[in-house]
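One structure below.
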DNA sequence: TTGAAAATCCGAAACGTTTTGGAAAAATGA
DNA sequence: TCATTTTTCCAAAACGTTTCGGATTTTCAA
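Residue numbers (the UniProt record's numbering), protein chains in the order written: chain A, 1 to 338; chain B, 1 to 338.
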């Protein structure tokens, strides 16, 4: 592997000059620069990023810390879409992405900042970690620039991008209300997700503004899991036959709910209306097609990467809130009279 | 950021001793080792991987070079599943994954080996590149350990993992033959994919063994794209009304074909049977559910990572061929008597 | 021609590790 | 006690780059 030294020797100059020639400094004559570049090309030289990073004290690397890279997460390819967005932006820069994964216990033995400092990443993007994750407290304490996805924590070193969860949920519930539903349940995620709290709030706001009483026992947690949601929904609808509509905090859970309804011989949307959240790929393919609140996951990743690079270039951490959109499909209908 | 030097000073020993203590060498007394470890913990030390990599001449990093990280690739989450498999294996090792992306023209300005050498990756996994990609020739020429996915190229430095494409395709076509079909078309990918060639061969073998004549004009290329496949299928089925079944080299193309058939008011599977390849998530959700050849993409990634790490530890490159499985769903039926 | 300014170049230190070859200290055996 | 072995430690070089401060050469105006 040829180094800067080899080039220097071949060109009869010092390593300093080679370095400065290759990096476009002005204090090297065009003649020698040309010679050096030619020789570099001829010797098939590529710079050693490790050495450079070491001395420059920045690695031109960002860490991507996601939780959703599991076998089971392929259905809801939220993680993948976010990653794609990140990748898309980063590809336009001179940074590279290094993948940390949080699912393995192996990595879990290291703390967040250990993970980052060992690899000397310049910044991190975090997605999918729970609010009680020890990593989270570390993020704010550490001085590594960081942008969070769907976690509203901010400091001068950490920004975040999220969607208008409260408003999105509100729109979904209002849609149900407009269809005449009054007995509306909610399948929420879990207490360790900010989005759950926010979507619950949206649910509350919509109901209260419409002067519809809220039945607390009609709000259950499905842990963002299809199976769990199915089980919970089965219980709920057997015990509470008056429910005519349910708002789910994720499409995956909505699928679970629909499975439960099928088992109970309740038709969607004739007997009960279902609305989801996310607009995952499957939403438009299941039958009936799912009414849902769409969020642009690709853009979330893209914006996160953009913000992080901005921060690395000296700008300050921001908050980006993307708009959601209610997509009405076939799983919601007017409430039955009587 | 505390370094090994700081620890040495605090402990009153040399950096050598600190290094050797921390790395578990035997030539340091338990007493001093304990002291050093305590101080390291207390100073919140984490080793600088860059410096280590530089001197050790290995980065404990593998490159992941995928082509499918695009917005349009979310439907067919082949790439994501492979990545998940890779990630799953790597998580158990002390390696990290660095993400290269081939779609950006920015990166494309660098050659394959430049990409790898700059970041000093110890090895690479390549997925989704075409057979005419200039990267490919570089792979074999370069001396970087590499494992390819679905590309049958082998040397002492490069291995690959793939599935039994010929046999898989053969099973799919045989299934159609057993249902009584004789007028069978094929929607292939493109000429720059090995899997296309192999699946075509499987198609041929099945037909020939059953003594069914092959109509070359019934084999068309859909470029692995849903839209392209839809257009091609539309042409094909308007011009050739005798076709009763079609084998597609990917599920995504099968979806496109089904769209075309719907437009032409041909029912699946009553009028024409469709079988796909891959078993993507959507396959079981579309209506009618798609009969297809399932391949375990997660395992492909997992095996690839496993092989690569093996190679980095001195073992030689291998070839791993995974089995596929025909999954019969609703899109295939017996040919109409007519 | 001369002096100053501008243009080129370079030596050496630094970044944070690992490793080599040996030195010093302690333990052991006679 | 002394010689020998074993244990424990260390100085210095090396990895490949960047950069600081200064040195040398060239250019140019007077």
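Where is the CB? At the ideal position from N, CA and C, for every residue including glycine.
Alpha carbon to alpha carbon, how far is residue i from residue j?
{"i": "residue 17(B)", "j": "residue 8(B)", "result": "8 angstroms"}
{"i": "residue 301(B)", "j": "residue 239(A)", "result": "45 angstroms"}
{"i": "residue 50(B)", "j": "residue 52(A)", "result": "9 angstroms"}
{"i": "residue 31(B)", "j": "residue 61(B)", "result": "34 angstroms"}
{"i": "residue 229(B)", "j": "residue 213(A)", "result": "52 angstroms"}
{"i": "residue 55(A)", "j": "residue 123(A)", "result": "18 angstroms"}
{"i": "residue 247(A)", "j": "residue 190(A)", "result": "15 angstroms"}
{"i": "residue 274(A)", "j": "residue 71(A)", "result": "27 angstroms"}
{"i": "residue 164(A)", "j": "residue 258(A)", "result": "26 angstroms"}
{"i": "residue 249(B)", "j": "residue 224(B)", "result": "8 angstroms"}
{"i": "residue 87(A)", "j": "residue 315(A)", "result": "21 angstroms"}
{"i": "residue 349(A)", "j": "residue 188(B)", "result": "This structure does not reach residue 349(A), given that chain A is present from 1 up to 338, and the question cannot be answered."}
{"i": "residue 22(A)", "j": "residue 133(A)", "result": "45 angstroms"}
{"i": "residue 197(B)", "j": "residue 281(A)", "result": "30 angstroms"}
{"i": "residue 297(A)", "j": "residue 320(A)", "result": "13 angstroms"}
{"i": "residue 232(A)", "j": "residue 220(A)", "result": "7 angstroms"}
{"i": "residue 69(A)", "j": "residue 120(B)", "result": "25 angstroms"}
{"i": "residue 322(A)", "j": "residue 151(A)", "result": "13 angstroms"}
{"i": "residue 263(A)", "j": "residue 216(A)", "result": "24 angstroms"}
{"i": "residue 112(B)", "j": "residue 98(B)", "result": "14 angstroms"}
{"i": "residue 237(A)", "j": "residue 289(A)", "result": "21 angstroms"}
{"i": "residue 211(B)", "j": "residue 186(B)", "result": "17 angstroms"}
{"i": "residue 137(B)", "j": "residue 157(A)", "result": "44 angstroms"}
{"i": "residue 33(A)", "j": "residue 25(B)", "result": "47 angstroms"}
{"i": "residue 218(B)", "j": "residue 265(B)", "result": "20 angstroms"}
{"i": "residue 287(B)", "j": "residue 206(A)", "result": "35 angstroms"}
{"i": "residue 267(B)", "j": "residue 267(A)", "result": "26 angstroms"}
{"i": "residue 115(A)", "j": "residue 129(B)", "result": "31 angstroms"}
{"i": "residue 303(A)", "j": "residue 327(A)", "result": "23 angstroms"}
{"i": "residue 94(B)", "j": "residue 135(A)", "result": "20 angstroms"}
Considering only C-alpha positions, which residue in the set the options is nearest to residue i?
{"i": "residue 234(A)", "options": "74(A), 254(A) and 67(A)", "result": "254(A)"}
{"i": "residue 335(A)", "options": "89(A), 283(A), 139(A) and 175(A)", "result": "175(A)"}
{"i": "residue 209(A)", "options": "178(A), 50(A), 225(A) and 81(A)", "result": "178(A)"}
{"i": "residue 110(A)", "options": "158(B), 44(B), 34(B) and 194(B)", "result": "44(B)"}
{"i": "residue 184(A)", "options": "151(A), 244(A) and 262(A)", "result": "244(A)"}
{"i": "residue 295(A)", "options": "285(A), 237(A) and 169(A)", "result": "169(A)"}
{"i": "residue 227(B)", "options": "95(B), 73(B), 96(B) and 218(B)", "result": "73(B)"}
{"i": "residue 64(B)", "options": "308(B), 320(B), 34(B) and 23(B)", "result": "308(B)"}
{"i": "residue 271(A)", "options": "205(A), 180(A) and 321(A)", "result": "180(A)"}
{"i": "residue 279(A)", "options": "26(A), 28(A) and 329(A)", "result": "329(A)"}
{"i": "residue 1(B)", "options": "162(B), 199(B) and 40(B)", "result": "40(B)"}
{"i": "residue 160(A)", "options": "120(A), 186(A), 314(A) and 194(A)", "result": "194(A)"}
{"i": "residue 347(B)", "options": "37(B), 96(B), 83(B) and 82(B)", "result": "Residue 347(B) falls outside the range modelled here, since chain B spans only 1 to 338, and no answer is possible."}
{"i": "residue 42(B)", "options": "305(B), 288(B), 10(B) and 57(B)", "result": "10(B)"}
{"i": "residue 131(A)", "options": "192(A), 108(A) and 20(A)", "result": "192(A)"}
{"i": "residue 285(B)", "options": "26(B), 252(B), 211(B) and 20(B)", "result": "252(B)"}
For my contact list, residue i and residue j are in at a C-beta cut-off of 8 angstroms; report their separation, rounded to the angstrom.
{"i": "residue 126(A)", "j": "residue 149(A)", "result": "7 angstroms"}
{"i": "residue 147(A)", "j": "residue 201(A)", "result": "That belief does not hold up - the Cβ atoms of residue 147(A) and residue 201(A) are roughly 23 angstroms apart, past 8 angstroms."}
{"i": "residue 277(B)", "j": "residue 292(B)", "result": "6 angstroms"}
{"i": "residue 67(A)", "j": "residue 103(A)", "result": "6 angstroms"}
{"i": "residue 299(A)", "j": "residue 85(A)", "result": "6 angstroms"}
{"i": "residue 80(A)", "j": "residue 77(B)", "result": "6 angstroms"}
{"i": "residue 140(A)", "j": "residue 153(A)", "result": "6 angstroms"}
{"i": "residue 241(A)", "j": "residue 333(A)", "result": "The Cβ separation is near 18 angstroms, so there is no contact."}
{"i": "residue 142(A)", "j": "residue 117(B)", "result": "Actually they are not in contact, since the Cβ atoms of residue 142(A) and residue 117(B) sit about 31 angstroms apart, beyond 8 angstroms."}
{"i": "residue 4(B)", "j": "residue 15(B)", "result": "5 angstroms"}
{"i": "residue 36(A)", "j": "residue 305(A)", "result": "The Cβ separation is near 34 angstroms, so there is no contact."}
I'd like to confirm something about residue i: is its beta-carbon nearer than 7 angstroms to some heavy atom of the ligand ADP, or not?
{"i": "residue 273(B)", "result": "In the structure on display, the ligand ADP does not appear, and there are no ligands present to speak of."}
In this structure, what does DSSP give as the bridge partners for residue i?
{"i": "residue 50(B)", "result": "In the DSSP output, where bridge partners are listed per residue, residue 50(B) has none listed."}
{"i": "residue 147(A)", "result": "125(A) and 159(A)"}
{"i": "residue 332(A)", "result": "Answer is none; residue 332(A) lacks a bridge partner."}
{"i": "residue 294(B)", "result": "278(B) and 325(B)"}
{"i": "residue 245(A)", "result": "184(A) and 273(A)"}
{"i": "residue 100(A)", "result": "65(A)"}
{"i": "residue 319(A)", "result": "160(A)"}
Item to complete: Kindly provide the ranges of any beta strand (DSSP E) runs that are 3 or more residues long and lie completely inside the stretch 206-230 of chain A, ordered along the chain.
Response: Correct list: 219-221.
Worksheet item: If you scan the stretch 29-90 of chain B from start to end, which runs of the alpha helix (DSSP H) of 4 or more residues do you find wholly inside it?
Response: Within the stretch 29-90 of chain B, the runs of alpha helix (DSSP H) at least 4 residues long that lie entirely inside it are, in chain order, 30-42, 49-56 and 78-90.
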